[in-house]
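Trainee: Before we start, here is the structure in question, set down as structure tokens.
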Amino acid sequence: MKNIFKITVAAAAFAATTAANTATANTVVDIAAGDERFSTLVAAVTAAGLAETLSGPGPFTVFAPVNDAFAALPEGTVETLLQPENKDQLTNVLLYHVDDRNLSAAQIPAGSNFFKPILTSERTCITKDANGVTVADGTGDTANVIIADIKADNGVIHVIDKVLLPGTRPDCH
């Protein structure tokens, strides 16, 4: 509970700072910082030092896990990733969630296709079918896009129900 409080306080402080510095901007970071469902993600982006980058011109497509997705990770994972000595690992996990294009759900091709996130050493498999859009990660698990196309000045956010983790190239067929 104490760690959740720290994450929430960090997210609130970041949101206040972001709002004060970019009152007219509506970046992917601004949107995430203004939505309680992303407080853990915002704390992670801040800890990794990626807030300024993701507030830049982009374009970015962010597959943004909700707080419940972070809570579903094994106990202690989030706290461990947020420690300064694990910044590189946290950065890799976060960059695995970002594409350097502005991809609306309509622009994602039907079927299963490999996508190269900003973490260029890795791939995700994005599947679009009659049931919606899913993203398979390096663990073989799949995240569902639960809200698509939250538009920002520098890209788009697709809300997902699982934290994507790098690993083995996912099966994509």
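Residue numbers (the working numbering): 703 to 875. For each residue, glycine too, the CB sits at the ideal point set by N, CA and C.
What residue range does the beta strand (DSSP E) around SER814 cover?
Mentor: Mapped onto the sequence shown, residue 814 falls at position 112. That run of the beta strand (DSSP E) goes 813 to 817.
Trainee: What residue from LYS818, ILE810, THR793 has the CA that sits closest to ASP801's CA?
Mentor: As a first step, residue 801 must be located in the sequence shown, where it is residue number 99. Checked all of LYS818, ILE810, THR793; the closest Cα to ASP801 is LYS818.
Trainee: Count the other CB atoms, across all protein chains shown, that sit within 10 Å of the CB of ASN723; report buried if there are 16 or more and exposed otherwise.
Mentor: The residue labelled residue 723 in the question sits at position 21 within the sequence shown. Confidence at ASN723 is low in this model, with a pLDDT of 44, below 50, so its placement is unreliable and no value can be given for it.
Trainee: Apart from the five residues just before and just after GLY869, which ones in its own chain have a Cβ nearer than 6 Å to its Cβ?
Mentor: Within the sequence shown, numbered from 1, the residue matching residue 869 stands at position 167. The answer, listed in chain order, is GLY840, THR841.
Trainee: Give me the Cβ distance between VAL858 and SER806, rounded to the nearest whole Å; I'm assuming they're in contact under 8 Å.
Mentor: Translated into the one-based positions of the sequence shown, residue 858 becomes position 156. Translated into the one-based positions of the sequence shown, residue 806 becomes position 104. Confirmed, Cβ separation roughly 6 Å.
Trainee: By how many angstroms is the C-alpha of LEU797 removed from the C-alpha of ILE828?
Mentor: What you label residue 828 is simply residue 126 of the sequence shown in a count that begins at 1. What you label residue 797 is simply residue 95 of the sequence shown in a count that begins at 1. Taking the straight line from one Cα to the other gives about 16 Å.
Trainee: What's the gap between the Cα of ILE810 and the Cα of VAL865?
Mentor: As a working note, residue 810 is residue 108 in the sequence shown. As a working note, residue 865 is residue 163 in the sequence shown. Approximately 20 Å between the Cα atoms of the pair.
Trainee: Check each candidate in GLU824, ARG871, ASP843 and name the one with the smallest Cα separation from ASP863.
Mentor: The residue given as residue 863 occupies position 161 in the sequence shown. Cα-wise, what sits closest to ASP863 is ASP843.
Trainee: With the cut-off set at 7 Å, would you say PRO872 and ALA838 are in Cβ contact?
Mentor: Your numbering for residue 872 matches position 170 in the sequence shown. Your numbering for residue 838 matches position 136 in the sequence shown. Contact: yes.
Trainee: Return the Cβ separation of ILE733 and ILE848 in integer angstroms, given the expectation that the two are a contact with Cβ distance under 8 Å.
Mentor: In the sequence shown, residue 733 corresponds to position 31, counting from 1. In the sequence shown, residue 848 corresponds to position 146, counting from 1. Actually they are not in contact, since the Cβ atoms of ILE733 and ILE848 sit about 16 Å apart, beyond 8 Å.
Trainee: Restricting to Cα atoms, I'd like to know which of ALA746, LEU756, CYS874 is closest to ASN788.
Mentor: As a first step, residue 788 must be located in the sequence shown, where it is residue number 86. Taking only the C-alpha atoms, the option nearest ASN788 is ALA746.
Trainee: Whole angstroms is fine: what's the gap from LYS728's alpha carbon to VAL764's?
Mentor: If you number the sequence shown from 1, residue 728 lands on position 26. If you number the sequence shown from 1, residue 764 lands on position 62. Note that residue 728 corresponds to Asn in the displayed sequence, not to Lys. Rounded to the nearest angstrom, the two C-alpha atoms are 14 Å apart.
Trainee: Skipping 5 residues on each side, what residues in its chain have a beta carbon closer than 6 Å to that of ILE820?
Mentor: Locating residue 820 in the sequence shown gives position 118, where the first residue counts as 1. Closer than 6 Å at Cβ, skipping near neighbours: LEU797, VAL800, ASP802.
Trainee: Of all Cβ atoms in chain C, is any one closer than 7 Å to the Cβ of LEU805?
Mentor: The chain inventory of the structure shown lacks chain C, comprising one protein chain alone.
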